[in-house]
Every structure is written in C-alpha cells, then in structure tokens.
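In the working numbering, the protein residues as written are 122 to 848. Before any comments, here is the structure.
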C-alpha cells in the first residue's frame, strides 16, 4: 500500500514483515473456531472500525487510484476480519445471550441500545435502511463502475502498449521510461481487474450481514424460550438487542469500506487529492451566483421557511462575491507570481528579461497541443526530444519555453533560439500531415503544404482521409509530431549557439569526477574556460557531438602544448579526434567516400589563405562560385541517394572550405587529410580540378598525387558529365 506524502512508515525487519500476514490469517481462523471472551470481541470490533476509517482516509487522500494499488487486497482481509468477528459474536450471542445484554461485550450492547432506542421495530427498520443504502446504492454503484472501468482498461491495454513502443522507436522516451510505463499500464490493468472482483466481496459482505442478523434473532428466540426457559418477550428484549447491535457494529465498517471502494473506482487522475480536486472545481463564481439567486427567490415565496433559506442564499452570494474578487489563474492553471512588492504600475527587469535560450511561440489555435487537460501531446514530445538530443550531442539541451503569441496567426508557430527566429510554419490541430517521399507521388486531396523539417511535398488532410493516405503509401503524422520534428531539426542545427561557458563548466565538473588530473591539466592553464567553450562550439557547428568529452579534453591538452592560435588549435584538436569525427559520417565497416581537390586547386587555396590571413572568406568570389557549383554537381545527387560523402582537403584549406560550402551543403562534412585514420578504407569518387573546376576521375581507393607536376595541363572549358566523374 502506497503511503501518503509526508507519512513515513516505521521500519520493520524482513522477518517481522514476513510473519505479520501469516499471523493475521491464523488469527482469523482462530476467531471462527475458538470461543472468545467478550473483552476480545470489544477490542476486535473497535479495531475493525479503526482500520475501516484508516482505509477510507487513505482512499480520499490519494491523487490517483494506482497510488492505493493494494486496496483490493486490503478490502479482502478487512472483510474477512469482520466476518470472523461476526462468527465469534454469533457464537457468544447464542450461547450466553440468556445471561443479559452484556453477554457479547459492551460494544455490541452500546450499539444495540443506541439504535433501538427502546423500540425493537424501530431498530429493525433503521438497520434495514442502512442495509439498503449500503447494498443497493453504494455497493451496487461501485460494482458497476468497477466492471466498466476494468472492461475499458483491458480494451485499451494493446493500444497503450503500442503507443509506448512507438514513443520508444521515435526516441521520445528512453528505455527506462518505456519500461516504467509498461509496468504502470500492467499494474493499472491488474488493479481494475482486482477491483471488479473485490466489489463482489463488498456485496457479499452486506448480504451476509442480513443473514447473520436473521440467524441471531430467530436462533436467539428459539434457544431463549426452549433451552433457557425465557418468555418470548424476555427473549426478544435480549436477543433482538444483541442481534441488531452485532449487525450494526459490523455494518458500520462495511459501510466505510464501501464508500472507500466507491471513491477509489470513481476517481480520475489528478495532481490533487479528492478534497483538492473537488474544491478546485467548485471555486467558480459562475456556479455560486445562480445558486444564490434561486435560493433568494425560493426564500421570498410565501409559506417558505424564510429564516432558514435566506441565510443560505446570503452565504452563497457571499461565496460568489469572494470568488469573483480573486485573480483568475492563467491558462493551464498557472498563475503569475508577481512577488509581494510588485506594483502593477511598475516595470521590473524580470518582466522584460528573456532567460530561456529556446522558445516556441504558438498561435491561438495551437494552444490545445500544450493544454494539460488534453494530455498536452506536444509537451511530452518536447521533453523526449530534449532528452534524446542531450544524449546525442553530449550536453544538456536547455528547456524549451512554450507560450502563446497573440500576434501570430491562429495556426502558426515560431521557433526562436537565443532570441533569433530560426523557423516558423503552420500546423492544423485535428488534422494530419500526409508526406510524399518524392515528387512523383503528388497528394491530390487535402490542403497543399510543405513539410517544415525536410521540405517534402505534403498536404493537411482530415481524419476521414487518414486510412486512404496510409493505403497509398504516404507517411501520416499529427500536428504535434510536425512541430516536434521541426523543433528537433532546428535545435540540432543550432546546437553550437546553445553551448556556452556554463555548459562547458558543467562538462568539466562531470569529467572531474572520473578524471580529475586531466581536468587539472586542461584548465585554467593552458586553456581558459572561454577557449574550451569556443573549441566545443566549433566542433558542434560541424555536427561533431561532445559525447566522448574525455577524449576531446585529452586532445585539447595535447594540442595546447604545441599550438596557441585558436584557429590552429581547432584544427589540431580535430586531427587528434579524427576517428570520432569519421564515425559520425560512416560506420566502422564502411568505406569513407570522399571528394578531393586537384593539386593546382589545393595550391591556389593555400596561397589564398596565406595572403588573406585572418580573413573569413579569402577566396576570390568567381573562384568560390565555381567551387560551389562543381561540388554541388557531385554532392547533391549523392544526398538524394542517401549516400554520405565528405570533402577531404589539406589542413590549411579545411576551415576556409567549410565556411564556403556549409551554407549551401550543410550535410557535407569537410575533413582534412590528417583527420582520417590510416586504418580507414577510403574511396575517392571524384577530384575537383582547377581553372574552370572540371571534375577529373580518380583511381578508386587511391589518393591524388598532391606532389605532382604543378604545370599539369587541365583543359579549362571542358564539359564533364556527372557520369564521367563518379565511379
């Protein structure tokens, strides 16, 4: 049984815990077989009432039914305990009842006297009413709810398990989270199935109470008159009191447990307990104002008890007025905390500061995607994206601030990184985006669109066209997935902008726990924190993750011994972690497919870098344009065929070529020859020449001879087809 918040259960040894349950079962058997003295019955009945009250309080204070997952078992043992007491008390009543009303203990005598009040018929009728309430109303209703809940939970079980597997495959949840969700789903199914069965215990207990009452009354009258020589009136005065007292002291705990069972099965998941959930939903002045008005009208009708009705009308009106004066919580139940000294006429720095690096602004029609009352499908996907990206990039991706923006069109959203808009598009809740994998499969139904993440042809379709689109081979996703995928892509592209000195310090602090001497030899000397952060940003900008930060830190230490200039330091670090870089491009057993530059072009670039030292783009514009076009003729067709390529060049030209090509070919890695491990198999698919930058075929698997004659003749105006330069 789960404990309430703030309640600490006393510790018990494993042997003690294992012995409690068998001892309790043995005690129940003894109650049914061995005659018990009256004092033991008194203690047992009070203990039964106490346990029933405790179970009811726990049931009322849990936030969701699964927080009291042991309830079906607790209900079973509480019912058995009470029935065992009934058997023991029946034996005492029938054997020793002729001695007086105190024969079965003071508890039964007190309850019987209180309920009968001197009149046997009244006692029987009052007890009958209690039984009707318990058996017909509470127990029957709780049993029906348990049956329906169990049916719905079991019917939804396959769908929930498929959703967990889908989130795991999409990277929206980790294996640990998926395992925990599967356990929760299985526990939920077991719980509601058990509740469906345990409701029969409650119903059977109520029926048993009626039968035990009849046995005690008729058995007592027969034994009292025939065996003990009592008159019918004397026997009735004793045995009816004992029978009703015994039934009442047993049915009060039964009624409490029935209420607990009904409150458990009728609960819905909520962050509040039952009292908080009910109070939060009754705090609307719109509900109290009509009540006050109707009670006032009712109290003014002639003949009505004005003295009683009008005070309650005033109380309802006061509640409506008081609630109307309270501030209305913000959307989603969040209320702005302005602080104790915040004046509404004062503008503070906190009001204008934007301290969240990533922001997602939604139009009015998209607010439902983050509404907790509608399960907030987008929020769960954002959390999964952050977790997955943090693992792949090697540092904790900042939280995404999601907010509404009234200036946006209703179906528009905007993604910002460090205050800069990096993406915006439209999404349509309640509809699906059907994606076409190629231009040859146009989508002839729905609202034409483009996939915001990958630019594929797409269309927004209605739920009625969902099956048709899937049958025709289109990929179909909902609005929350569209926005989440777009956000995932943009965060990956902006990973360098999200990394700063705080993230660098966090990486160093984590590494310090396992490699303290490495960190001590890295910073603050020879490299300050700012330089380390800059090196990490340079790696992230070229899609190199920081997952193996220990090796990267070791490379920084080794490179700092011989290089001081930041630009050269980056290239030296890259050369030392070349194996890490290459494995982000191709797998261990695959060849690295590369494009290289002809010797004359390499020399030309080397000269441009040397003469324009410090310049961001030292290459002459006309030559730069020819390089871009020549590389594009090779790289673009390969990207369409999902074949990863890399451009390999000299260490001197690598950074310059990356800055030149990355705006046009963001997925094309630019490597230096020193970054490629000697053991890595390399396949040269093309060589880009000088002059007009014709593409020259190169021998497969061999590097071009960069020491070749610089005066080699390359025809500047030759037209080379793509088939001629790709082997």
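Built from N, CA and C at the ideal position, the CB exists for glycine as well.
- The alpha-carbon of residue 367 is positioned some 9 Å away from that of residue 333.
- By the Cβ-count criterion, residue 607 is buried, with 16 or more other Cβ atoms from all chains shown falling within 10 Å of its own Cβ.
- Within the same chain, Cβ atoms closer than 6 Å to the Cβ of residue 530 are found at 484, the five residues on either side in sequence being excluded.
- In terms of Cβ geometry, residue 682 and residue 793 do not form a close pair [threshold 8 Å].
- Your pair residue 517 and residue 481 does not check out as a contact, with CB atoms roughly 18 Å apart and the cut at 8 Å.
- Residues of the same chain with a CB within less than 7 Å of the CB of residue 212, apart from the 5 flanking positions on each side, are 156 in chain order.
- Nearest neighbour of residue 325 by Cα position, chosen from 261, 700, 373 and 519, turns out to be 261.
- Between residue 203 and residue 371 the beta-carbon gap is near 6 Å, inside 8 Å, which marks them as a contact.
- Proximity to residue 621 across 539, 166 and 577 peaks at 539, based on C-alpha coordinates.
- Residue 692 counts as buried, since no fewer than 16 other beta carbons sit within 10 angstroms of its beta carbon.
- When 425, 422 and 408 are compared, the shortest CA-CA separation from residue 439 is found for 408.
- With a cut-off of 8 Å on Cβ pairs, the region 189 to 196 is in contact with the region 374 to 384, counting three or more such pairs.
- In the three-state reduction of the DSSP assignment, residue 715 falls in the strand class.
- Burial check for residue 609: the Cβ neighbour count within 10 Å reaches 16 or more, so the residue is buried.
- In terms of CA proximity to residue 788, 764 leads the group 799, 764 and 745.
- Counting only the Cα atoms, residue 707 lies some 9 Å from residue 714.
- Residue 719 holds the alpha-carbon nearest to the alpha-carbon of residue 752 among 188, 738 and 719.
- Listed as beta-bridge partners of residue 536 by DSSP are 481 and 544.
- Each residue's CA atom was taken as its position, placing residue 666 and residue 743 some 34 Å apart.
- Comparing alpha carbon positions, the residue from 589, 490 and 160 closest to residue 551 is 490.
- When secondary structure is reduced to three states using DSSP, residue 295 falls in the coil class, being assigned neither helix nor strand.
- Across the structure, residue 505 and residue 295 are spaced so that their CA atoms are roughly 8 Å apart.
- Here residue 582 carries a strand assignment [DSSP, helix/strand/coil].
- The continuous stretches of alpha helix (DSSP H) do not include residue 571, which lies in the beta strand (DSSP E) extending over residues 568 to 571.
- Between the C-alpha atoms of residue 548 and residue 513 there is a straight-line separation of about 27 Å.
- Counting along the chain, no alpha helix (DSSP H) covers residue 707, and no H or E run does either.
- Residue 746 carries a helical assignment under DSSP once its states are collapsed to helix, strand and coil.
- Between residue 680 and residue 632, the C-beta spacing is not below 8 Å.
- Only residues of its own chain outside the window of five on either side were considered, and among them 515, 628 and 632 have a CB closer than 7 Å to the CB of residue 670, listed in chain order.
- In the three-state reduction of the DSSP assignment, residue 615 falls in the coil class, being assigned neither a helical nor a strand state.
- For residue 634, the enclosing alpha helix (DSSP H) starts and ends at 622 to 635.
- With the rule of 3 Cβ pairs closer than 8 Å, the region 301 to 320 does not count as touching the region 330 to 348.
- Within 10 angstroms of the beta-carbon of residue 686 lie fewer than 16 other beta-carbons, which makes it exposed.
- In the structure shown, residue 348 adopts helical secondary structure according to DSSP, grouped into three states.
- Counted as a single uninterrupted DSSP element, the alpha helix (DSSP H) harbouring residue 501 occupies residues 498 to 514.
- Between residue 499 and residue 605 a beta carbon distance of about 6 Å is seen, short of the 8 Å cut, so the two are scored as contacting.
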